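As you go down the protein sequences, you meet chains A and B in turn. Note that our numbering has the first sequence beginning at 1, numbered continuously upward. Note that our numbering has the second sequence beginning at 284, numbered continuously upward. For reference, the structure is listed below as structure tokens.
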Amino acid sequence: MASVARPLVRPLYLAYLGFILAVLYFPFVVMAILSFQGPRGGHTFPLRGVSTIWYWKLFNPGKLTPYSDVGEFLGDYLASLQRSVVLAVITMLISTALALMAAQAFRKGFKGSGLVFYLWLLGIIVPGITVSLGLSLWFRRMDLPLHWLTTGLPVHVMWTLPFSLIVFLMFFNRFDTSLEDAALILGATRWKTFRYVTLPLMQPAILTSLLFGFTLSLDEFQRSLLITGTDQTLPLMVMASVTTRITPTLYALGTLTTLLSFAVVGAYLVLLTYSLRKSRRLQ
Amino acid sequence: MLEPIAKAPAVEVSTTLVVRRRVAFLDRHPGVASWLLVLPGTLWMMLFVGIPLASIVLFSFWRSGFAGLVPDYNVENYAALLGGRTFWRITLWTYEVVIMALAGVIVLAYPAAYAIWRVVRDDRWKTAVLLLCIVPFWTSYLTRTITWLPMFGREGVVNRVLLALGVIGEPLEILLYTPYSMMWGLWSLYIVFMIGPLYHSMTKIDEDVMSAAAMLGATPVRTFFHIVLPLTRPGLMAGSLFVMVLGLGEFFTERVIGGAQNPMLAGLILRQIDIFQWASASAIAVTLTVLTLVTVSAMLRLFDLRKV
């Protein structure tokens with residue numbers, strides 16, 4: 001494609017892109033370097049030696065070491081990471097299934113679809129802290145015990161559902177119905193058409209919805225802030241530790257979870273490429 | 284090529300008559316089928332958006348006692364809130380922050396999206412750079428906020444670099460725990476919501492329109508304001524909606540890198556909860572929700588999100 005940009009302007013634009021990417025990624029690199037801070041070092045430069053003590057602390061929560069500081073946050077990050085991952089997997093599955101069903105209705109259109117769409121959108125629009133406060137007060141009134149899974153799951157799914165729906169609606173906006181029509185004309189029922197034609201073609205959208213469900217749930221803190229009880233999810237644990245005292249343990253954790261996120265996105269991209277190739281073959 | 288469809292008749296033979304009749308009923312009544320399909324998700328949303336909203340509205344008229352909320356209906360919470368100057372100052376501040384955040388994100392994101400669209404030539408590079416601009420969206424928001432701490436502190440990377448270069452003689456104090464650092468944090472956090480949608484809208488602009496503008500001698504500035512800006516409105520609106528909604532509910536960035544001195548409305552709610560003023564917190568939450576809904580519906584009037 002011919003570029004309209006004039007010769008002098010081009011390097012400027014590329015430099016600017018480089019700047020934006022640096023803003024997005026350089027802090028990660030700094031954090032990763034500081035996570036190998038020496039045992040006597042603090043949460044900023046200079047590096048006072050190099051060590052893996054902060055990773056060790058991460059994997060051995062609550063153990064005092066000669067290097068433990070007064071007021072250091074000794075929570076069990078890994079247990080909360082485990083909870084968060086379990087919650088994220090359940091959330092992404094429920095969210096994708098419910099949104100997939102709803103999207104089938106939305107693409108055909110039905111009475112009141114506009115109203116229902118905006119109701120779903122409220123899940124994104126209503127400020128998270130409001131949801132958290134309202135639910136926590138209500139749960140307490142009802143004497144429901146707060147627990148990361150039982151009271152946490154509802155808000156996690158509520159937060160991810162609208163995203164999943166938008167993913168599917170965007171997919172159907174550019175969906176070619178000719179294969180479905182062919183199936184229907186050839187005598188397949190609506191269910192069969194869906195099962196054997198639509199669903200295989202939807203694979204890329206399903207993968208995207210799963211990715212959104214997983215990552216948004218893994219990072220959710222505003223809505224679940226007041227309602228997960230004593231066993232906290234990872235983001236809430238991070239919030240708690242940030243407000244007490246910041247140590248390089250937090251950077252070690254941040255580095256590991258960021259790598260986890262990159263791995264998840266990487267896996268998604270591989271699967272997406274594969275399924276796009278497959279669905280192109282089908283068409 | 285048509286293999287999946289060819290399978291269908293073979294399976295159909297085994298379908299029982301009952302199921303076929305039911306399917307036929309739904310076939311004849313697509314409206315009923317649609318409602319059955321949206322119902323589970325819609326119920327979920329109604330419950331877990333409806334209950335919290337109903338409960339903050341209810342509890343905002345109660346009173347915070349020593350042991351919890353007391354059903355002693357009054358409008359004191361609102362009177363105290365709307366009558367005091369603090370609330371109005373903080374509301375104004377919230378909007379100042381969100382509008383500044385949005386303006387900054389738009390100014391930062393347009394050249395980036397434009398560069399990916401027109402300046403990066405190779406298609407594979409385009410995809411790669413675009414992906415790099417979006418991937419942070421899928422990483423942790425909290426971590427991304429925290430990463431600015433070692434960058435901006437008194438001992439931070441930025442101060443060290445500036446000192447080493449001789450630009451400044453003393454470490455800058457305004458880099459961390461100030462409204463400036465919070466704003467920078469918000470820009471870097473929210474820009475990922477804007478570049479993707481903008482680029483998406485840009486790719487939908489007809490190549491001929493751009494060539495025509497160039498051939499007729501339009502300056503880049505003119506092309507931008509008369510072609511690119513109007514035609515990328517859907518992407519701009521989608522991104523802006525995100526920034527507004529998340530910005531209005533923001534409290535973490537303010538607490539962690541903003542110095543915790545200038546709370547926005549969401550932060551004010553948290554501070555009320557910290558001192559066990561649940562009724563007052565509910566009243567602020569109601570106000571914040573109403574403000575958010577009014578802001579968003581004003582924006583949605585300008586375009587339909589389903590058409591992105």
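Every residue gets a Cβ at the ideal spot worked out from N, C-alpha and C, and that includes glycine. Just so it is clear, the structure is predicted and the values come from calculations on it, not from any experiment.
Query                                                                                                                             : Result
Meets three-Cβ-pair contact criterion under 8 Å: the region 564 to 572 of chain B and the region 482 to 496 of chain B            : no
Partners in chain A for I389 (chain B), counting only beta-carbon separations shorter than 9 Å                                    : Residues of chain A passing the Cβ test: none, with the nearest at roughly 14 Å.
Of the residues A:L21, A:F36, A:T258, A:V167, the one placed nearest V412 (chain B), counting alpha carbons only                  : A:L21
Bridge partners - L352 (chain B), DSSP secondary structure assignment                                                             : B:S347
Cβ pair count under 8 Å reaching 3, the region 323 to 342 of chain B against the region 524 to 536 of chain B                     : no
Beta-carbon gap between L135 (chain A) and V155 (chain A) smaller than 8 Å                                                        : yes
Short CB-CB distance (under 8 Å) between L137 (chain A) and chain B                                                               : yes
Spatial distance of H345 (chain A) from W159 (chain A) (CA atoms)                                                                 : The question about residue 345 (chain A) has no answer, for chain A in this structure spans 1 to 283.
Proximity below 8 Å, CB of L24 (chain A) to CB of A398 (chain B)                                                                  : no
V573 (chain B) in three-state terms, based on DSSP                                                                                : helix
Unbroken alpha helix (DSSP H) run spanning H147 (chain A), endpoints                                                              : It is not in any alpha helix (DSSP H) - H147 (chain A) carries neither H nor E in the DSSP assignment.
Residue-chain proximity (D219 (chain A), chain B), Cβ-Cβ < 8 Å                                                                    : yes
Nearest neighbour of V390 (chain B), chosen from B:A543, B:P546, B:G522, B:V340 [CA to CA]                                        : B:G522
K192 (chain A) and S317 (chain B) closer than 8 Å at C-beta                                                                       : no
Where N60 (chain A) falls, given that 16 or more other Cβ within 10 Å makes a residue buried                                      : exposed
Separation of M547 (chain B) from T374 (chain B), as counted between CA atoms                                                     : 7 Å
Beta-carbon separation (whole angstroms), I339 (chain B) vs S565 (chain B), contact threshold 8 Å                                 : 4 Å
When A:S95, A:R140, A:L225 are compared against I166 (chain A), the one with the closest alpha-carbon                             : A:S95
Rounded straight-line distance, which links the Cα of T177 (chain A) to that of D406 (chain B)                                    : 28 Å
DSSP bridge partner residues for V50 (chain A) (one or two, in chain order)                                                       : A:Q37
Cβ pair P371 (chain A), L272 (chain A) closer than 8 Å                                                                            : Nothing in the structure corresponds to residue 371 (chain A), since chain A is present only between 1 and 283.
Q544 (chain B) versus Q37 (chain A): straight-line alpha-carbon distance, rounded                                                 : 30 Å
Cut-off 6 Å between Cβ atoms - residues of its own chain near L12 (chain A), not counting five sequence neighbours on either side : none
First through last residue of the alpha helix (DSSP H) which encompasses M466 (chain B)                                           : 462 to 486
Chain A residues whose Cβ lies nearer than 7 Å to that of F534 (chain B)                                                          : I129
Range of the contiguous alpha helix (DSSP H) that encloses W403 (chain B)                                                         : The sequence as given places Val at residue 403 (chain B); Trp does not occur at that position. Element bounds for V403 (chain B): n/a, residue is neither H nor E.
K111 (chain A) in three-state terms, based on DSSP                                                                                : coil
Which of helix, strand or coil DSSP assigns to T430 (chain B)                                                                     : coil
Any 3 or more C-beta pairs closer than 8 Å across the region 501 to 513 of chain B and the region 426 to 438 of chain B           : no
Nearest to I558 (chain B) (by Cα), restricted to the options B:W470, B:Y361, B:G348                                               : B:G348
Under 8 Å by beta carbon: chain A residues contacting L320 (chain B)                                                              : M101, A102, Q104, A105
Spatially closest choice to T578 (chain B) from B:R554, B:L551, B:L524, by CA coordinates                                         : B:L524
Partners in chain A for Y424 (chain B), counting only beta-carbon separations shorter than 7 Å                                    : D219
Alpha carbon of Y274 (chain A) to alpha carbon of V264 (chain A), nearest angstrom                                                : 15 Å
Spatial distance of G387 (chain B) from R195 (chain A) (CA atoms)                                                                 : 46 Å
Where the alpha helix (DSSP H) containing Q560 (chain B) begins and where it ends                                                 : Run containing Q560 (chain B): none; DSSP gives neither H nor E here.
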